[in-house]
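Read the structure below first, then the notes.
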Amino acid sequence: MKIEGSEAEDRLLEVYLYEKVIILAVGAMTAQQRHMFLTRQVALDDVSVGFPQTGWNGAATTLAALGAAQASGFGVYLGATTALGFVSHAVGVTLPFAVYTGMSSTIAFLIGPVGFLAAGAWLGWSLTGPEWPRITRGLLHIIAMRAKYEYECQTPMCSSSSAGS
Amino acid sequence: MSTQPEIDGLRQLMTMWTNTELDAFFRCIRPDDSVSPPTEREELISRSVEELFWAHNSRVKAEASYTAPKLAVAAYEQLPEAMKTRVSAPSPVKPLHEYASPLSYETLLRGPARS
Numbered sequence: 001m002k003i004e005g006s007e008a009e010d011r012l013l014e015v016y017l018y019e020k021v022i023i024l025a026v027g028a029m030t031a032q033q034r035h036m037f038l039t040r041q042v043a044l045d046d047v048s049v050g051f052p053q054t055g056w057n058g059a060a061t062t063l064a065a066l067g068a069a070q071a072s073g074f075g076v077y078l079g080a081t082t083a084l085g086f087v088s089h090a091v092g093v094t095l096p097f098a099v100y101t102g103m104s105s106t107i108a109f110l111i112g113p114v115g116f117l118a119a120g121a122w123l124g125w126s127l128t129g130p131e132w133p134r135i136t137r138g139l140l141h142i143i144a145m146r147a148k149y150e151y152e153c154q155t156p157m158c159s160s161s162s163a164g165s
Numbered sequence: 001m002s003t004q005p006e007i008d009g010l011r012q013l014m015t016m017w018t019n020t021e022l023d024a025f026f027r028c029i030r031p032d033d034s035v036s037p038p039t040e041r042e043e044l045i046s047r048s049v050e051e052l053f054w055a056h057n058s059r060v061k062a063e064a065s066y067t068a069p070k071l072a073v074a075a076y077e078q079l080p081e082a083m084k085t086r087v088s089a090p091s092p093v094k095p096l097h098e099y100a101s102p103l104s105y106e107t108l109l110r111g112p113a114r115s
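Here the protein sequences line up with chains D and W, keeping their order.
Using the numbering used here, the letters of the first sequence map in sequence onto residues 1 to 165.
Using the numbering used here, the letters of the second sequence map in sequence onto residues 1 to 115.
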């Protein structure tokens, strides 16, 4: 999965990574699926619960929320969980993770395993090489968590961290 | 020398995560669905770091590098005492992960971008 500008700083590269995954997934959709992804409104309430000061809740298209909420960290979180929703559902990973349900249950029906496999051609695998599908899923999760906890540490929520709950 | 593989900065980051988030992370990186997430928090963190480490590094390659010093130590131990005094002892065998490449979050992040 070659990303132009891969020398960019980490934070920017995180954004490039989930954007690339989303683009590949969207590229593998049928016209109807793509239209639904671009225009369907998703409930942001569950996803934005960790970002109360951004004021993002209610329904919005994924693209609108991604574009408007970058600065707060919510956009990074939303982008990474959206990309992870594509990747994890397609490979049969069921995540008992509340924040994914709002996004990925919606997204799950938009793209099937066949579509993902086409998009997943970039994730080459060999016996001795890195297992990029697993690594990419892990990275997307880490990116989402970094965005969430960095945001929390800029707010009073940081002192009452929910770790261990 | 750590007995478990480490990924620079990741364990510290994971200490902030909830158990549900840790569980979800393990499910993202486990080799297949038959591998159940550990129930204990500390084990969940350790196993997750280990799984991600070995997803990036080849266990086959590491084991190949690990075998040579292991054989050298075994051969040295078979030598008669008289010969041992004249042959220098081989380096002790390190944990398997020491024969793999060190890993950091940045290495992981930049990997997919270049592949």
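Glycine included, every Cβ here is placed at the ideal spot set by N, Cα and C.
Does the CB of ILE45 of chain W have a neighbour CB from chain D at under 8 Å? Taking the first residue of the second sequence as 1, we reach residue 45 of chain W at position 45. Cβ-Cβ to chain D under 8 Å: no for ILE45 of chain W.
From GLN154 of chain D to GLY73 of chain D, what distance separates their C-alpha atoms? Locating residue 154 of chain D in the first sequence gives position 154, where the first residue counts as 1. Locating residue 73 of chain D in the first sequence gives position 73, where the first residue counts as 1. C-alpha separation (whole angstroms): 11 Å.
So, does the CB of GLU21 of chain W fall closer than 8 Å to a CB anywhere in chain D? In the second sequence, counting from the first residue as 1, residue 21 of chain W sits at position 21. Yes - at least one Cβ of chain D is within 8 Å of the one on GLU21 of chain W.
Assess contact between the region 88 to 108 of chain W and the region 54 to 67 of chain W, defined as three or more Cβ pairs (one per stretch) separated by less than 8 Å. Is contact present? Between the region 88 to 108 of chain W and the region 54 to 67 of chain W there are three or more C-beta pairs closer than 8 Å, enough to call the two in contact.
Interface flag, TYR77 of chain D vs chain W, CB-CB below 8 Å: Locating residue 77 of chain D in the first sequence gives position 77, counting from the first residue. Interface annotation, TYR77 of chain D: not in contact with chain W, CB-CB separation never under 8 Å.
Using a C-beta cutoff of 8 Å, does MET16 of chain W count as contacting chain D? Walking along the second sequence from the start, residue 16 of chain W turns up at place 16. For MET16 of chain W, the answer is yes, since a Cβ of chain D falls inside 8 Å of its Cβ.
Taking only three categories from DSSP, how would you classify LEU44 of chain D? Counting from one through the first sequence, the residue named residue 44 of chain D turns up at place 44. The answer is coil: DSSP assigns LEU44 of chain D none of H, G, I, E or B.
My understanding is that ALA8 of chain D touches TYR16 of chain D, with C-beta atoms under 8 Å, so please give their C-beta distance in whole angstroms. Numbered from 1 along the first sequence, position 8 holds the residue referred to as residue 8 of chain D. Numbered from 1 along the first sequence, position 16 holds the residue referred to as residue 16 of chain D. Confirmed, Cβ separation roughly 7 Å.
Which of the three DSSP states, helix, strand or coil, is assigned to ALA8 of chain D? Your numbering for residue 8 of chain D matches position 8 in the first sequence. In the structure shown, ALA8 of chain D sits in coil (DSSP, three-state: anything other than H, G, I, E or B).
Step through the CB atoms of chain W and report whether any lies within less than 8 Å of the CB of MET36 of chain D. Working through the first sequence from its first residue, we reach residue 36 of chain D at position 36. For MET36 of chain D, the answer is no, since every Cβ of chain W falls outside 8 Å of its Cβ.
With respect to the alpha helix (DSSP H) encompassing ALA59 of chain D, which residues constitute its N-terminal and C-terminal limits? Numbered from 1 along the first sequence, position 59 holds the residue referred to as residue 59 of chain D. It is not in any alpha helix (DSSP H) - ALA59 of chain D instead sits in the beta strand (DSSP E) that spans 59 to 61.
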